[in-house]
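Data first, discussion second: the structure below is written as structure tokens.
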Amino acid sequence: MLLFQPVQEDAYLEKREAMVQKQIKGRGVKDNAVLEAMRTVKRHLFVPPSIAAEAYSDRALPIGYEQTISQPYMVAYMTEIIKPNPDMKVLEIGTGSGYQAAVLAEIVKEVYTIEIVPEHGQMAAARLEQLGYDNIEVKIGDGYAGWEEHAPFDAIVVTAGAETVPPPLFAQLKEGGRMVIPVGPVYRTQTLKLIEKKKGKAVTRNLMPVVFVPFTREEQK
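Each residue of the sequence shown is one higher than the last, beginning at 1143 in this note's numbering.
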């Protein structure tokens, strides 16, 4: 059974191109592979059907279970900042509906993505499979611990606001790798940070103020 209904593609094709030109390229995203991925991935298939018409609007949208799909510009910016290339293996924390993972998968070799909300993880896995993404693996669980069996990663993209950078994620980042993560208090303005591993140490750059949903953890015993 399909998770989404076929739609008239032409209307969304035009909206998607306008999104790329105005919201993304117009704000300074220059990487051609990122721009092409944003053109290719059909965002309206990653939001609830009731708000599909709003899929290409310049904002985050609710996807249920107190989660959101990030603003298109933020998805493009976070993708560009890790300097993606076709040989990379990327870890994403916070699968949500699978949109960021799909954008990454258009560019990089392998995407491993972790989602703590079972319903989102299951739906995202089914959606991504139906859309033909055979280079994405979805895991349901606590993203704080990362995915050690597939480490090290060339890059890590965290799509939820953490109060601190989880040490296991930095440990699983390859030497020379890049992690992009929002850090700050829950439900308040956070700072999007770029963390690079150089000689085993973290070199951190603050990028911009952001507000992401909280980095949710499993209950600790």
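All residues carry an ideal CB built from backbone N, CA and C; glycine is no exception.
Residue i versus residue j - alpha carbon distance
i        : j        : result
Thr-1210 : Gly-1168 : 23 Å
Pro-1204 : Val-1189 : 8 Å
Lys-1341 : Glu-1156 : 46 Å
Ala-1179 : Glu-1248 : 6 Å
Lys-1225 : Val-1299 : 12 Å
Met-1161 : Gly-1236 : 23 Å
His-1292 : Arg-1181 : 29 Å
Glu-1279 : Pro-1351 : 30 Å
Ser-1199 : Val-1250 : 26 Å
Ala-1364 : Asp-1229 : Since the first and last residues shown for the chain are 1143 and 1363, residue 1364 lies out of range.
Leu-1177 : Val-1183 : 10 Å
Lys-1231 : Pro-1294 : 8 Å
Glu-1196 : Tyr-1286 : 32 Å
Ile-1193 : Met-1321 : 31 Å
Leu-1187 : Ile-1223 : 25 Å
Thr-1346 : Val-1307 : 11 Å
Where the beta strand (DSSP E) containing residue i begins and where it ends
i        : result
Val-1183 : Neither: Val-1183 is in no beta strand (DSSP E) and is coded neither H nor E.
Ala-1297 : 1295-1300
Glu-1234 : 1231-1235
Gln-1165 : First-last for Gln-1165: undefined, no H or E at that position.
Gln-1209 : 1209-1211
Val-1280 : 1278-1282
Pro-1204 : 1203-1206
Which of helix, strand or coil DSSP assigns to residue i
i        : result
Val-1149 : Note that Val-1149 scores 49 on pLDDT, short of 50, meaning its location in the model is unreliable and no value can be drawn from it.
Glu-1156 : helix
Glu-1261 : helix
Pro-1104 : As displayed, the chain neither begins before 1143 nor continues past 1363, which places residue 1104 out of reach and without an answer.
Lys-1340 : strand
Lys-1225 : coil
Arg-1320 : strand
Gln-1314 : coil
Tyr-1215 : helix
Thr-1358 : coil
Gly-1285 : helix
Ala-1268 : helix
Leu-1144 : Below a pLDDT of 50, predicted positions are generally treated as unreliable, and Leu-1144, at 49, falls in that range; the measurement from the model is reported next regardless. Here Leu-1144 sits in coil by DSSP.
Proximity winner among the options, relative to residue i (alpha-carbon distances)
i        : options                                   : result
Trp-1289 : Glu-1234, Ala-1268, Val-1245 and Tyr-1215 : Glu-1234
Gly-1283 : Glu-1196, Val-1345, His-1262 and Gly-1319 : His-1262
Glu-1271 : Gly-1240, Val-1259, Gln-1165 and Gly-1285 : Gly-1240
Thr-1255 : Leu-1311, Val-1171, Gln-1332 and Lys-1164 : Leu-1311
Pro-1356 : Gln-1264, Val-1328, Val-1345 and Arg-1347 : Val-1328
Thr-1301 : Ala-1153, Gln-1332, Ala-1268 and Leu-1273 : Gln-1332
Asn-1227 : Asn-1174, Gln-1213 and Gln-1242           : Asn-1174
Integer Cβ distance of residue i from residue j, believed to fall under 8 Å
i        : j        : result
Lys-1339 : Leu-1315 : 5 Å
Gly-1303 : Gly-1319 : Not quite, the Cβ-Cβ distance comes to about 21 Å (not below 8 Å), so this is no contact.
Gln-1165 : Tyr-1215 : 5 Å
Asn-1277 : Val-1253 : 6 Å
Val-1259 : Tyr-1207 : 5 Å
Pro-1324 : Phe-1354 : 4 Å
Endpoints, alpha helix (DSSP H) assigned at residue i
i        : result
Leu-1246 : 1241-1247
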